[in-house]
Amino acid sequence: MIYLFLYQIQVYKKGVSMDTKFSVALHILTMISESRETLSSQNLATSVGTNSSYIRKVITLLKNAGLIISHQGKSGYQLGKIPKKMSLLEIYYATQEVKHISLFQMHQNANQECPVGQNIQEAVSPIFASAEAQLEKALRHQTLDDVINNLYKTANQVRN
Numbered sequence: 001m002i003y004l005f006l007y008q009i010q011v012y013k014k015g016v017s018m019d020t021k022f023s024v025a026l027h028i029l030t031m032i033s034e035s036r037e038t039l040s041s042q043n044l045a046t047s048v049g050t051n052s053s054y055i056r057k058v059i060t061l062l063k064n065a066g067l068i069i070s071h072q073g074k075s076g077y078q079l080g081k082i083p084k085k086m087s088l089l090e091i092y093y094a095t096q097e098v099k100h101i102s103l104f105q106m107h108q109n110a111n112q113e114c115p116v117g118q119n120i121q122e123a124v125s126p127i128f129a130s131a132e133a134q135l136e137k138a139l140r141h142q143t144l145d146d147v148i149n150n151l152y153k154t155a156n157q158v159r160n
């Protein structure tokens with residue numbers, strides 16, 4: 001019991017860390033869409049606030065999904081499709097390398113002699129599945145163009 005309490009304190013202090021590839025991809029794609037200059041991975045890394053090797057890793061995922069195109073030499077990157085046709089769900093799938101959102105992971109070794117342990121997975125699975133389906137639906141109906149428009153609204157500017 002004390003161990004569980006200490007573990008909870010440790011998790012609370014550390015925080016729950018989520019993967020940032022999705023938000024970094026949105027940042028990269030928005031910059032590529034709106035920049036009039038050729039962008040290198042170093043330019044992108046400076047804006048994102050990370051190192052260029054992490055940017056190249058995310059760019060590779062986006063290229064593999066056909067969301068960006070890179071050119072040899074100094075011509076940089078361009079979008080693989082227009083922002084209005086690029087759903088946030090496909091960007092999420094590309095960066096997470098999955099075909100279905102799976103936010104919640106179930107522990108695997110529940111005690112089968114315990115009534116809760118026997119049934120907890122079946123009890124919470126429908127709730128988890130519903131939440132994941134709602135998120136997929138929301139991301140499916142939002143596009144990179146929505147992100148870009150929100151960016152300009154936030155910055156109090158008008159998009160060209």
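All residue numbers for the sequence shown refer to the working numbering, where the first residue is 1 and numbers rise by one.
Note that CB positions come from ideal geometry on N, CA and C, so glycine has one too.
Predicted, not measured: the structure shown is a model, and the values here were computed from it.
{"Query": "Per-residue DSSP class, three states only, for Gln42", "Result": "helix"}
{"Query": "Any beta strand (DSSP E) of 3 or more consecutive residues that is wholly inside the stretch 48-100", "Result": "68-70, 77-79"}
{"Query": "Where Thr20 sits in the DSSP three-state scheme", "Result": "coil"}
{"Query": "Contacting residues, own chain, Cβ-Cβ under 6 Å from Ile101 (five flanking each side not counted)", "Result": "Glu132, Leu135, Glu136"}
{"Query": "DSSP bridge partner residues for Thr143 (one or two, in chain order)", "Result": "Ser87"}
{"Query": "Whether Gln142 touches Leu88 by CB criterion (8 Å)", "Result": "yes"}
{"Query": "Burial state of Ile9, where buried means 16 or more other Cβ atoms lie within 10 Å", "Result": "The predicted model places Ile9 with a pLDDT of 42, which falls under 50 and marks its position as unreliable; any figure quoted below should be read in that light. Classification for Ile9: exposed."}
{"Query": "Exposed unless 16 or more other CB atoms sit within 10 angstroms - verdict on Lys21", "Result": "buried"}
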